[in-house]
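Heads up, the thing below is written out as structure tokens.
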């Protein structure tokens, strides 16, 4: 895990920033929720530092050639990232941390899969598309 120390530091920043919608947590449900852009920004930064990127997670090559479980995890992670960033969902800190851990795992698995594909192609093996 290349960036584990950095991710841990980013997570500390997420936790220190407080809840995503402070107005809702303060017991004022009639006030509109104010997004915490600083916290969301730290999440986005930490997500990308894991090596994950929503566009790469949705890459058609991954969907066609990667093992089905990995392709599904990658697509679900990209959807979850979009939902968090566009504030369609509000997640507690533990779930944000779990999302970043999943991003790190999926990114590493995709990297290993791509390296395997590159080695097969450089060895002259033909990889047929699914």
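In mature numbering (1 follows the signal peptide of the UniProt record, and there is no 0), the protein residues as written are -22 to -1, 1 to 108. For every residue, glycine included, the Cβ atom is placed at its ideal position computed from N, Cα and C. All of these numbers come straight from a predicted model, not from anything done at the bench.
- Look at residue 94 here: in three-state DSSP terms it is helix.
- Boundaries of the alpha helix (DSSP H) around residue 38: 38 to 43.
- Between residue 82 and the set 29, 18, 54, 61, the nearest pair of CA atoms involves 29.
- When the Cα atoms are used, residue 94 and residue 68 turn out to be separated by approximately 37 Å.
- Burial check for residue 101: the Cβ neighbour count within 10 Å stays below 16, so the residue is exposed.
- Secondary structure at residue 69: coil, using DSSP grouped into helix, strand and coil.
- Residues 67 of the same chain have their beta carbon placed closer than 7 Å to that of residue 61, with the five preceding and five following residues left out of the count.
- Between residue 22 and the set 44, 74, 45, the nearest pair of CA atoms involves 74.
- Where residue 19 is concerned, the enclosing alpha helix (DSSP H) starts and stops at 15 to 27.
- Between residue 77 and residue 58 a beta carbon distance of about 6 Å is seen, short of the 8 Å cut, so the two are scored as contacting.
- A distance below 6 Å between beta-carbons, with the five flanking residues on each side excluded, links residue 52 to the following residues of its chain, in chain order: 35, 40, 84.
- The Cβ neighbour count for residue 24, taken over all protein chains shown within 10 Å, is at least 16; the residue is labelled buried.
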